[in-house]
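**Student:** Note that the numbering used here has the sequence shown beginning at 15, numbered continuously upward.
Glycine included, C-beta positions come from ideal geometry on N, C-alpha and C.
Next up is a structure, given as structure tokens.
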Amino acid sequence: LLVLFLSAGPLHAQVPAQTKNIDPFEPVNRTMFALNAKLYKYGLRPVVETYQFIVPDFAQRGVNNFFDNLVDVNAIINSILQGRIDKAALNSGRFFVNTTLGIAGFVDVASAMGIDRYQTDFGHTLALWGVEPGPYVMAPFFGPHTLRSGTGTIVDIYASPPSYLDNVRWRNSLYALSLVNGRSGLLQAEQLLSGDRYLFVRDAYLQQREVFVNDGKVQDDFSNFDDEDDWDEEL
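Next up, the structure:
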């Protein structure tokens, strides 16, 4: 669910209509969506709310910058795999500046210097290699994915710097903090969701990935909207 609001546009009950069956496992996915919603509501959400209450805003921004800096490492690797050496050099510059001048990435000095981030991941790399997205899957706990993006996420996790920490406690603590930090930015936005929440999450995710792998270009598959469905389950 971490990507849900990145580029879905205004939050409302309308969801994009699909021109092909991208969700052949919808009954199973809906069941998993409901399970994830309950796990989040009674498990993760109280932790996120406690985190927001205890940790000052400036410290939360620092933590977010720290993890963004680690993501730049993945972007460097994927840029090379994509043959975009200029983008790899760009993110390498960002990582060097933020790791040194930005105190291990807690301060985003690079953005202040005008060094923009090139956002990419291994799912994007697979798309550029010609791999089809495959069916939509609501993964247990990890939320919405396609077969392609889910494979990319697994590769990115194992390629990320925390995975190379020998200390298991520190490594798992970083993973947990990353999850809590990512969810904390969505607490207010998620309350604006209405209508069929499953469809909204699915179509918002698919639209975001479509735009992402096409370098910001919107495809015609998401140009039409239909707001007839309604599902009352609370997230």
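According to DSSP, simplified to helix, strand and coil, what is residue 151?
**Tutor:** It is a strand residue.
**Student:** Can you tell which of 167, 228, 152 has its C-alpha closest to the C-alpha of residue 51?
**Tutor:** Of the candidates 167, 228, 152, the one whose C-alpha sits nearest the C-alpha of residue 51 is 152.
**Student:** Just verifying my parser: in three-state terms, what is the DSSP assignment at residue 70?
**Tutor:** Reduced to three states, the DSSP call for residue 70 is coil.
**Student:** Checking 9 Å against the spacing of the C-beta atoms, do residue 131 and residue 162 come in under that value?
**Tutor:** Contact flag unset, no.
**Student:** So, does the region 212 to 220 touch the region 32 to 44, judging by three or more C-beta pairs under 8 Å?
**Tutor:** Touching, per the Cβ criterion.
**Student:** Count the other CB atoms within 10 Å of the CB of residue 64; is the residue buried (16 or more) or exposed (fewer)?
**Tutor:** Exposed, because fewer than 16 other Cβ atoms sit within 10 Å of the Cβ of residue 64.
**Student:** Comparing alpha-carbon positions, which option in 54, 220, 70, 104 lies nearest residue 35?
**Tutor:** The shortest C-alpha separation from residue 35 is found at 220.
**Student:** On the three-state DSSP scale, how would you describe residue 57?
**Tutor:** In the structure shown, residue 57 sits in a helix (DSSP, three-state: H, G or I).
**Student:** Can you tell me whether DSSP reads residue 11 as helix, strand or coil?
**Tutor:** Residue 11 lies beyond the residue range present for the chain, which begins at 15 and ends at 249; the question has no answer from this structure.
**Student:** Ignoring anything shorter than 4 residues or poking outside the region 80 to 168, list the alpha helix (DSSP H) runs there in chain order.
**Tutor:** The qualifying runs are 99 to 114, 123 to 126, 136 to 142.
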